[in-house]
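The opening residue of the sequence shown carries number 277 in the numbering used here; numbering runs sequentially from there.
Following: one structure in structure tokens, then a few remarks.
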Amino acid sequence: MMEYFAVDGAHPLEGRVTIHGAKNSALPILAATLLADGESIIHNCPSLTDCAAALEILSCLGCRVKREGNTVVVNTTCRRGYTIPNKLMERMRASVLFLGALLAREGSAVACWPGGCALGARPIDLHIRAFQALGAQVRTWNGQLYLEGTHLRGRRLALPIPSVGATENAMLAACSAEGITVIDNPAREPEIVDLQGFLRRMGARISGAGTDQITVEGGYPLHPGEYTVMADRIVAATYLCAVAAASGEGELHGAEGSHLTPVLTALTAAGCEIASQADGLWIRRKGPLTGIGSICTGPYPAFPTDAQPLLVAALAGGEGKSRVTETIFDHRFRYIQGLARMGACIQVRGDTASIVGQPLQGACVEAVDLRGGAALAVAALGARGESRIFGLTHIERGYECLDRDLSALGGQISRKREND
Ligand code: UD1
Numbered sequence: 277m278m279e280y281f282a283v284d285g286a287h288p289l290e291g292r293v294t295i296h297g298a299k300n301s302a303l304p305i306l307a308a309t310l311l312a313d314g315e316s317i318i319h320n321c322p323s324l325t326d327c328a329a330a331l332e333i334l335s336c337l338g339c340r341v342k343r344e345g346n347t348v349v350v351n352t353t354c355r356r357g358y359t360i361p362n363k364l365m366e367r368m369r370a371s372v373l374f375l376g377a378l379l380a381r382e383g384s385a386v387a388c389w390p391g392g393c394a395l396g397a398r399p400i401d402l403h404i405r406a407f408q409a410l411g412a413q414v415r416t417w418n419g420q421l422y423l424e425g426t427h428l429r430g431r432r433l434a435l436p437i438p439s440v441g442a443t444e445n446a447m448l449a450a451c452s453a454e455g456i457t458v459i460d461n462p463a464r465e466p467e468i469v470d471l472q473g474f475l476r477r478m479g480a481r482i483s484g485a486g487t488d489q490i491t492v493e494g495g496y497p498l499h500p501g502e503y504t505v506m507a508d509r510i511v512a513a514t515y516l517c518a519v520a521a522a523s524g525e526g527e528l529h530g531a532e533g534s535h536l537t538p539v540l541t542a543l544t545a546a547g548c549e550i551a552s553q554a555d556g557l558w559i560r561r562k563g564p565l566t567g568i569g570s571i572c573t574g575p576y577p578a579f580p581t582d583a584q585p586l587l588v589a590a591l592a593g594g595e596g597k598s599r600v601t602e603t604i605f606d607h608r609f610r611y612i613q614g615l616a617r618m619g620a621c622i623q624v625r626g627d628t629a630s631i632v633g634q635p636l637q638g639a640c641v642e643a644v645d646l647r648g649g650a651a652l653a654v655a656a657l658g659a660r661g662e663s664r665i666f667g668l669t670h671i672e673r674g675y676e677c678l679d680r681d682l683s684a685l686g687g688q689i690s691r692k693r694e695n696d
């Protein structure tokens with residue numbers, strides 16, 4: 277039976293919500309548990325379908341996996357093999373991170389290409405080049421990738437673009453590469469710093485995450501680690517944009533303002549008041565949401581591509597003009613067709629969306645990807661009347677319970693079945 281979110285919009289929000297753990301930190305950290313024998317304990321690991329897919333990969337590799345609430349225990353002692361079945365590899369793009377971990381731990385990894393993605397072509401050439409630079413042999417045959425490298429050697433790697441996944445895979449593989457690996461031009465996202473934090477808990481000699489150079493002194497045995505995943509900055513951006521769209525005020529417990537600087541700057545420019553509190557962020561919008569001129573997505577610390585749909589959704593129902601340029605992914609404006617059904621006036625030319633804010637009306641729409649789906653919920657909270665948002669499986673990849681959290685913020689949103 278088809279489930280959907282029913283949203284009654286245009287009511288000011290008032291409430292507080294706790295931001296759950298970051299999907300994009302939890303996934304590489306779960307892959308990293310393979311680097312040591314024994315029991316690693318990961319706290320604040322969000323209950324998302326993407327995390328469930330990562331745990332299935334670990335189970336399939338013989339690890340014992342247990343979840344109690346948001347704590348996950350991964351015991352790698354009985355792990356066996358280095359092949360990831362196609363059906364798990366295809367479930368999500370981030371399964372590619374298990375390649376670096378398996379290569380480091382087993383000296384081999386076999387898998388097909390990671391899951392297709394609605395955001396456009398997402399090659400893994402940079403991941404492969406990093407493995408090769410460390411001495412791994414990479415062959416492809418019959419749609420499968422075969423990695424082999426029992427004696428990886430540290431060296432200097434320069435990423436031509438600061439890919440998040442390639443940086444993480446290089447960090448994982450470098451832990452087992454004898455000598456010093458220097459990664460130049462790595463991604464600087466907070467999730468990279470979180471992965472470094474966990475690797476250090478495992479005894480890895482790694483530094484520089486968050487800067488333009490990461491150094492790993494590899495080849496030492498690691499031990500299991502215990503770690504708490506940071507709060508999800510894109511989930512926090514979602515709730516900030518929800519308050520911006522619907523007006524009112526909200527408190528976001530656990531949100532880290534320093535991870536969200538360009539999002540806070542854009543929302544402030546649009547007329548929101550935002551303040552850092554002891555344990556999170558506070559936002560209020562009283563007056564109209566105005567246009568913000570031009571912004572452009574980019575690698576951290578620039579405006580995050582994952583927050584682009586959320587901001588556009590809020591601005592579409594505001595007043596005034598804005599231009600948003602997407603520089604990371606080719607097909608990241610597909611959600612705009614849903615906003616158009618709500619009456620949004622947005623013209624997309626090439627990589628730029630030009631938005632003329634105007635009141636939106638509720639509509640029946642379908643999520644086409646994860647953040648695009650959340651963007652429809654943001655727009656629906658600001659739109660007059662009722663909306664129905666279908667395609668919830670996309671949203672569940674990255675939000676534990678979007679309806680619960682938006683309700684806690686004061687939104688009128690509930691999950692329903694088509695024949696309810
Ligand atoms: C990660 C995030 C995703 C986010 C993205 C950009 C995870 C699990 N996902 O994805 O939510 O939207 O960062 O912030 O952390 N590229 C290549 N060759 C490669 C790798 C990447 O050309 O081998 C290109 C991609 O096509 C894209 C750009 O580099 O245009 C950035 O991608 P990347 O940073 O690698 O994103 P992901 O790690 O896939």
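All C-beta atoms in this analysis are idealised placements derived from N, C-alpha and C, irrespective of residue type, glycine included.
Asked: Evaluate the contact criterion for the stretch 518-528 versus the stretch 287-304: three or more CB pairs, one atom per stretch, below 8 Å.; Found: yes
Asked: Between the C-alpha atoms of Asn418 and Cys388, what's the straight-line distance to the nearest angstrom?; Found: 9 Å
Asked: Just to confirm, is the Cβ distance from Ala282 to Arg660 under 7 Å?; Found: no
Asked: Apply the 10 Å Cβ neighbour rule to Met278 and answer buried if 16 or more other Cβ atoms are within range, or exposed otherwise.; Found: exposed
Asked: Could you pull out every unbroken beta strand (DSSP E) segment of at least 3 residues lying fully inside the stretch 396-449, listed in chain order?; Found: 413-417, 420-424, 432-434
Asked: Is the beta carbon of Ala409 closer than 7 Å to that of Arg429?; Found: no
Asked: Could you tell me the alpha carbon to alpha carbon distance between Gly455 and Met618, rounded to whole angstroms?; Found: 57 Å
Asked: Does Arg625 pass the burial test, meaning 16 or more other C-beta atoms within 10 Å, or should it be called exposed?; Found: exposed
Asked: DSSP state of Lys597, grouped into three classes?; Found: strand
Asked: Using a Cβ-Cβ cutoff of less than 6 Å, which residues in the same chain neighbour Pro304 once the five nearest sequence positions on both sides are dropped?; Found: Leu373, Glu444, Leu471
Asked: Taking one C-beta from the stretch 484-500 and one from the stretch 454-469 each time, how about it: are there three or more such pairs within less than 8 Å?; Found: yes
Asked: Suppose the cutoff is 8 Å on Cβ atoms and the five residues either side in sequence are ignored; what does the same chain contact list for Gln720 look like?; Found: Residue 720 lies beyond the stretch modelled for the chain, which goes from 277 to 696, so this question has no answer here.
Asked: Give the C-beta separation of Ala521 and Leu536 to the nearest angstrom, bearing in mind that I take them to be a contact with Cβ-Cβ under 8 Å.; Found: Actually they are not in contact, since the Cβ atoms of Ala521 and Leu536 sit about 17 Å apart, beyond 8 Å.
Asked: DSSP on Lys692, reduced to helix/strand/coil?; Found: strand
Asked: With a floor of 4 residues, list each alpha helix (DSSP H) that falls wholly inside the stretch 279-324, ordered by position along the chain.; Found: 299-308
Asked: On the premise that Ala589 lies in contact with Ala655, defined as a C-beta separation below 8 Å, what is that separation, rounded to the nearest angstrom?; Found: 4 Å
Asked: Can you give the beta carbon distance from Arg608 to Glu602, rounded, assuming they're within the 8 Å contact cut?; Found: 5 Å
Asked: In this structure, how does DSSP classify Tyr611 when only helix, strand and coil are distinguished?; Found: coil
Asked: Output the residue ranges of the beta strand (DSSP E) runs that lie fully inside the stretch 345-396 and measure 3 residues or longer, sorted by chain position.; Found: 347-351, 384-388
Asked: Less than 7 Å between C-beta atoms, sequence neighbours within five positions excluded: which residues of the same chain meet that for Ile333?; Found: Ile360, Leu364, Ser371, Phe374
Asked: Kindly list the residues whose CB is nearer than 8 Å to the CB of Asp555, restricted to its own chain and excluding five residues on each side of it in sequence; keep chain order.; Found: His529, Gly530
Asked: Between the stretch 501-510 and the stretch 664-673, can you find at least three pairs of beta-carbon atoms closer than 8 Å?; Found: no
Asked: Report the residue ranges of all alpha helix (DSSP H) runs contained in full by the stretch 492-551; include only those spanning at least 4 residues, in chain order.; Found: 509-522, 537-545
Asked: Any heavy atom of the ligand UD1 within a distance shorter than 6 Å of the CB on His403?; Found: yes
Asked: For the candidate residues Pro436, Ala629, Ile404, Pro438, whose alpha-carbon lies nearest to that of Tyr422?; Found: Ile404
Asked: Going by beta carbon distance, what residues of the same chain come within less than 7 Å of Tyr358, once the five residues before and after it are set aside?; Found: Leu378, Glu382, Ser384, Ala385, Val386
Asked: Would you say the beta carbon of Gly441 comes nearer than 6 Å to a heavy atom of the ligand UD1?; Found: yes
Asked: Return yes when at least one heavy atom of the ligand UD1 lies under 6 Å from the C-beta of Thr581, else no.; Found: yes
Asked: Look up Leu557 in the DSSP assignment and say whether it is helix, strand or coil.; Found: strand
Asked: Whole angstroms are fine: how far does the CA of Val539 sit from the CA of Leu682?; Found: 19 Å
Asked: Take the Cβ of Ile437 as the centre, count every other Cβ of all protein chains shown within 10 Å, and call the residue buried at 16 or more, exposed below.; Found: exposed
Asked: Straight-line CA distance for Cys321 to Glu676?; Found: 10 Å
Asked: Using CA atoms only, rank isn't needed, just tell me which of Tyr280, Thr309, Asp645, Gly567 is closest to Ser630.; Found: Gly567
Asked: Let's test the definition: count the other Cβ atoms within 10 Å of the Cβ of Gln634 and tell me whether it reaches 16, buried, or not, exposed.; Found: exposed
Asked: What separation, rounded to the nearest whole angstrom, lies between the Cα atoms of Ala406 and Ile571?; Found: 32 Å
Asked: Per DSSP, what kind of secondary structure is Thr669 in: helix, strand or coil?; Found: helix
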